[in-house]
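Report on the following structure.
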DNA sequence: TTCAAACTGTTCAAAAGTGAACTGTTTAAA
DNA sequence: TTTAAACAGTTCACTTTTGAACAGTTTGAA
């Protein structure tokens, strides 16, 4: 049986555990982004859009939680760099349809293969994990993020 | 057997998995911090120091990866708020010895018990995890963070 | 000793991020 | 229709974060 104070200890421990990985991810994402002339929000936007090739700015905002002014500026920069296409949605002219350009795709691909980049680093870090550990990890993360996302919606 | 392209897929998937949790943690840490009149770096510093009660500013920097100008300002604010003690180390007058004040400890404790705070949220999120899943999760994270930390040192 | 290099932290100008007010669009109630 | 409220995105002034130059301290080679 797990009492209240035990639960607080556990949640603190798990948070610290995530934080210790998180700070490293952020550090390397930052490094990778800056080396390629992007800000962290810009990198985040690209990584989000590449999954579906085409999304509205609104959807990107919902997925990333970036404040809309930050998002607007990030997108603007990416468009100016020629990495994103942006055009009003005909069905609703308030919304912006975003899609990654060929240049954008090539850019991301190059970034990911980069030596010393975050992906390369993570591949090495994962090496000691067994297949089972990897699968379990993804599953546990999904359980947590599902709950967190559901809560996130509320405070908006 | 896992080939190179499979490895890239996996590392991308795991990174995304962490990111989806991370963005929620950051969001709530931000919220919790702001509600209590702190910046995120300040909250980070407090959470780091509470573990050992007493650390040098240098050590805090090594643990958090905060740029030293950010760290300096964060600490300065915390000292001004009366949450941290700061004094030169007699054994090396370049270094600053930091310790949490009673007020600081009480402050953190209050924050952690706060309803709707990040700890409260995480406790609920963890509910569906079995003990085994929890243990495995911590273990896998430890494997990953151990490697990441060892690499982090290099680019400094 | 002396003094140059390494170090720890601070300062400050510049860069990045963000809240709030705004523009233009859509919706739907009157 | 008309029009007020809701909505998506932009702008801009303000805040926060950060790199680079700096001040003071320590180290160790000469």
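Protein chains in written order, with full-length UniProt numbering: chain A, 1 to 156; chain B, 1 to 156. Ideal Cβ positions, reconstructed from N, Cα and C, are used throughout, including at glycine. Predicted model only: the values in this text are computed from it and were never measured.
For this session: Take residue 84 of chain B and list the residues in its own chain whose beta-carbon comes closer than 8 Å to its own, dropping the five residues that flank it on each side.
Result: 45, 46, 49, 75, 78, 98, 99, 100, 101, 104
For this session: List the residues that DSSP assigns as beta-bridge partners of residue 87 of chain A.
Result: A:97
Problem set entry | Nonlocal neighbours in the same chain, by C-beta distance under 6 Å from residue 87 of chain A, ignoring five residues either side | 97
For this session: Pull up the DSSP beta-bridge partners for residue 92 of chain B, would you.
Result: B:89
Exercise. Is there a Cβ from chain A that is less than 9 Å from the Cβ of residue 7 of chain B?
Worked result: yes
Problem set entry | Sub-9 Å separation of residue 27 of chain B and residue 65 of chain A beta-carbons | yes
Exercise. Quick one: what does DSSP say residue 130 of chain A is sitting in, helix, strand or coil?
Worked result: coil
Exercise. In terms of residue numbering, what span does the alpha helix (DSSP H) encompassing residue 28 of chain A cover?
Worked result: 4-35
Exercise. Is the Cβ-Cβ distance between residue 73 of chain A and residue 41 of chain A less than 9 Å?
Worked result: yes
Exercise. Below 8 Å, can you find three or more Cβ-Cβ pairs linking the segment 131-140 of chain B to the segment 5-21 of chain A?
Worked result: yes
For this session: Examine chain A for any beta-carbon lying closer than 9 Å to the beta-carbon of residue 53 of chain B, and answer yes or no.
Result: no
Exercise. Does the distance from the CB of residue 9 of chain A to the CB of residue 141 of chain B come in under 9 Å?
Worked result: no
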